[in-house]
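So the protein lines, in turn, are chains A and W.
Under our numbering, the very last position in the first sequence is 176; numbers go up by exactly one each time.
Under our numbering, the very last position in the second sequence is 176; numbers go up by exactly one each time.
In what follows, a single structure is set out as structure tokens and then discussed.
There are 2 protein chains.
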Amino acid sequence: MERVIIDMDEVIADPMGAMITWYNKEYGLPVEYSKMKGSWLLGFPEEHQKLIRERLYEPGFFRDLPVMKDSVDVLKEMNKRYEIFIVSAAMEFPNSLKDKYDWLMEHFPFFTWKQLVLSGEKRMVFGDHMIDDHVRHLQHFNGRKHLFTAAHNKDETGYERLNNWEEAASVFLK
Amino acid sequence: MERVIIDMDEVIADPMGAMITWYNKEYGLPVEYSKMKGSWLLGFPEEHQKLIRERLYEPGFFRDLPVMKDSVDVLKEMNKRYEIFIVSAAMEFPNSLKDKYDWLMEHFPFFTWKQLVLSGEKRMVFGDHMIDDHVRHLQHFNGRKHLFTAAHNKDETGYERLNNWEEAASVFLK
């Protein structure tokens with residue numbers, strides 16, 4: 003069985019979407035997608051970026067994230083055909099660890115706790131495929147690299163892209 | 003730089019020791035080391051094993067563990083010469099995740115959060131060396147396997163052993 007390493011944030015969970023929803027409600031200001039190159043944080047007005055960053059450290063933020071469209075259906079099927087590990091570089095946000103566990107078990111009940119990895123970085127992980135929105139994680143990976151499209155990586159070239167989970171299905175479930 | 007994957011429980015942290023200390027104080031009963039084959043839990047009287055197991059799930063238990071003798075001094079030096087990752091199969095105990103992060107940052111301040119991995123299992127991790135007290139983690143590892151001696155693995159054969167951190171120093175810092 004081929005092993006597929008799958009990221010959480012911006013791939014199966016939507017912290018950017020949750021933050022924008024909260025920010026719009028709280029401040030009524032727009033975010034600028036064109037400024038998100040490298041990090042979606044940069045799309046928020048500069049005077050609020052510190053506040054946005056602080057929210058990421060708060061317990062609970064990663065517990066209530068929306069699920070990325072089609073990810074549950076596609077991964078439910080992929081889980082029968084591949085050895086799947088969900089690997090999140092979460093250690094920068096230690097209050098997110100239990101939240102991420104609870105979130106995954108709630109929304110993806112077909113996964114077991116044996117399939118979750120919460121790490122500082124990902125260079126020690128190996129497998130046949132990696133699906134991630136960050137080039138910094140893909141670049142060290144030994145297997146086939148799939149850049150999952152996100153606002154912050156629109157300009158990246160040189161990686162095979164998955165634009166959404168429908169496309170992932172066409173690659174992994176064909 | 004060679005990569006060394008190092009376990010937490012029974013290798014740098016001492017949950018068995020903490021549990022025995024608590025149990026002796028609470029019940030005044032002895033544990034039987036000869037019965038610990040496979041799991042130190044089996045050394046506790048059968049009627050209390052459920053209670054002992056429940057304690058492992060409680061928030062806080064993994065926060066206050068003793069540090070294994072010489073591990074801080076040896077790893078401080080190893081951290082200069084190797085790429086070290088501390089990898090703990092902690093996901094069975096989701097309340098332990100933040101505790102393990104806090105414990106490591108307190109007792110091993112020369113490590114950064116980038117070096118910690120909390121996972122369900124370890125078969126997706128690769129490196130040059132693995133130091134672990136469980137054969138189930140060593141058996142899938144690609145590199146050199148070092149069985150760290152613990153009460154539950156005394157009878158294991160077929161693996162190179164490290165009986166303590168002084169021995170680890172003689173292997174890794176010679």
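Beta carbons are placed, not taken as given, at the ideal position from N, Cα and C, and that holds for glycine.
Going by DSSP in three states, W:HIS131 sits in which element: helix, strand or coil? As a position in the second sequence, residue 131 of chain W is number 129, starting the count at 1. Strand.
If you drop the 5 nearest sequence neighbours on each side, which residues of the same chain put their C-beta closer than 7 Å to that of W:GLU28? Sequence index remark: in the second sequence, residue 28 of chain W carries index 26 (1-based). Excluding residues within five positions, none has a Cβ falling inside 7 Å.
Proximal chain A residues relative to W:PRO111, where beta-carbon distance stays under 9 Å: Your numbering for residue 111 of chain W matches position 109 in the second sequence. The premise fails here: W:PRO111 is roughly 15 Å from chain A at the closest Cβ pair, so nothing lies under 9 Å.
Counting only beta-carbon atoms, is W:VAL6 nearer than 8 Å to chain A? For the purposes of this step, residue 6 of chain W is taken as the residue at position 4 of the second sequence. Judged by the 8 Å Cβ criterion, W:VAL6 is not in contact with chain A.
Where W:GLU94 meets chain A, residues with beta-carbon distance less than 7 Å: Translated into positions along the second sequence, residue 94 of chain W becomes position 92. Going along chain A in sequence order, the residues near W:GLU94 (Cβ under 7 Å) are TRP115.
Who pairs with A:SER121 in a beta bridge, going by DSSP? Within the first sequence, the letter at position 119 stands for residue 121 of chain A. Note: A:SER121 sits in a beta bridge opposite A:ALA91 and W:VAL119.
How many Å lie between W:TRP167 and A:MET93 at the Cα? Locating residue 167 of chain W in the second sequence gives position 165, where the first residue counts as 1. Locating residue 93 of chain A in the first sequence gives position 91, where the first residue counts as 1. Their Cα atoms are separated by approximately 26 Å.
Between the Cα of A:TYR116 and the Cα atoms of W:GLN117, W:LEU106, W:ARG125 and W:PHE112, which residue gives the shortest distance? Translated into positions along the first sequence, residue 116 of chain A becomes position 114. As written in the sequence, residue 116 of chain A is Lys, which differs from the Tyr given in the question. Among W:GLN117, W:LEU106, W:ARG125 and W:PHE112, the Cα nearest to that of A:LYS116 is on W:ARG125.
Measure the alpha-carbon distance for W:LEU164 versus W:ILE54 and round it to whole angstroms. By one-based count along the second sequence, residue 164 of chain W stands at place 162. By one-based count along the second sequence, residue 54 of chain W stands at place 52. Their backbone Cα atoms lie some 27 Å apart in a straight line.
Check each candidate in A:VAL119, A:PRO32, A:VAL137 and A:HIS50 and name the one with the smallest Cα separation from A:LYS39. Mapped onto the first sequence, residue 39 of chain A falls at position 37. Out of A:VAL119, A:PRO32, A:VAL137 and A:HIS50, A:VAL137 has the C-alpha closest to the C-alpha of A:LYS39.
Mapping DSSP to helix, strand and coil, what is W:LYS82? Position 80 of the second sequence, counted from the first residue, corresponds to residue 82 of chain W. Here W:LYS82 sits in helix by DSSP.
Inter-residue Cα distance where the pair is A:ILE14 and A:ASP75: Within the first sequence, the letter at position 12 stands for residue 14 of chain A. Within the first sequence, the letter at position 73 stands for residue 75 of chain A. If I take the Cα positions, the gap works out to 11 Å.
Beta-carbon proximity list for A:ASP72, same chain, < 7 Å, skipping 5 on both sides: In the first sequence, the residue the question calls residue 72 of chain A occupies position 70. Hits under 7 Å: ASN166, TRP167 and GLU168.
Is A:HIS148 helix, strand or coil by DSSP? Numbered from 1 along the first sequence, position 146 holds the residue referred to as residue 148 of chain A. If DSSP states are grouped into helix, strand and coil, A:HIS148 belongs with the strands.
Could you say which of A:PHE112, A:GLN51, A:LYS82 and A:LEU58 lies nearest to A:LEU99 if we only look at CA atoms? In the first sequence, the residue the question calls residue 99 of chain A occupies position 97. Measuring from the Cα of A:LEU99, the nearest candidate turns out to be A:LEU58.
Along chain A, which residues have their Cβ under 9 Å away from the Cβ of W:GLY122? Indexing the second sequence from 1 puts residue 122 of chain W at position 120. The answer, in chain order, is PHE87, THR114, TRP115, LYS116, GLN117, LEU118 and VAL119.
For A:LEU120, which of W:PHE87, W:PHE150 and W:HIS139 has the nearest alpha-carbon? If you number the first sequence from 1, residue 120 of chain A lands on position 118. For the residues W:PHE87, W:PHE150 and W:HIS139, the minimum Cα distance to A:LEU120 belongs to W:PHE87.
Delimiting residues of the alpha helix (DSSP H) encompassing A:LEU99: Here the question's residue 99 of chain A lines up with position 97 in the first sequence. Here the alpha helix (DSSP H) through A:LEU99 covers 99–109.
Where does W:LEU31 fall in DSSP's three states? Within the second sequence, residue 31 of chain W is the residue found at index 29, counting from 1. The answer is coil: DSSP assigns W:LEU31 none of H, G, I, E or B.
Using the DSSP secondary-structure output, state which residues sit across from W:LEU164 in a beta bridge. Along the second sequence, one-based indexing puts residue 164 of chain W at 162. Its beta-bridge partners are W:PHE150.
Just the C-alpha distance for W:ALA152 and W:GLU158, rounded to the nearest angstrom, thanks. Working through the second sequence from its first residue, we reach residue 152 of chain W at position 150. Working through the second sequence from its first residue, we reach residue 158 of chain W at position 156. Going by the C-alpha atoms only, they are around 10 Å apart.
Starting from the Cα of A:PRO111, find the closest Cα among A:SER90, A:ASN81, A:ASP135 and A:PHE95 and give me that residue. As a position in the first sequence, residue 111 of chain A is number 109, starting the count at 1. Ranking the options by Cα distance to A:PRO111, first place goes to A:ASN81.
Please work out which residues of its chain come closer than 6 Å, Cβ to Cβ, to W:VAL175, disregarding the five sequence neighbours upstream and downstream, and give them in chain order. Taking the first residue of the second sequence as 1, we reach residue 175 of chain W at position 173. Reading off the sequence shown, one finds Leu at residue 175 of chain W, where the question assumed Val. Excluding sequence neighbours, W:LEU175 sits near GLU79.
Counting only Cβ pairs nearer than 8 Å, list the residues of chain A close to W:MET126. Stepping through the second sequence from its first residue, residue 126 of chain W is reached at position 124. The contacting residues are ARG5, ILE7, PHE87, VAL89, VAL119, VAL127, PHE128 and GLY129.
Please state if the CB of W:HIS139 and the CB of W:ALA91 are separated by a distance shorter than 8 Å. Numbered from its first residue, the second sequence carries residue 91 of chain W at position 89. Numbered from its first residue, the second sequence carries residue 139 of chain W at position 137. For W:ALA91 and W:HIS139, yes; Cβs fall inside 8 Å.
Based on the DSSP secondary-structure assignment, which residues constitute the bridge partners of W:ASP11? As a first step, residue 11 of chain W must be located in the second sequence, where it is residue number 9. Partner(s): W:ALA15.
State the Cα-Cα distance for the pair W:HIS142 and A:GLY45, rounded to the nearest angstrom. Position 140 of the second sequence holds residue 142 of chain W. Position 43 of the first sequence holds residue 45 of chain A. The alpha-carbon atoms of W:HIS142 and A:GLY45 are separated by roughly 43 Å.
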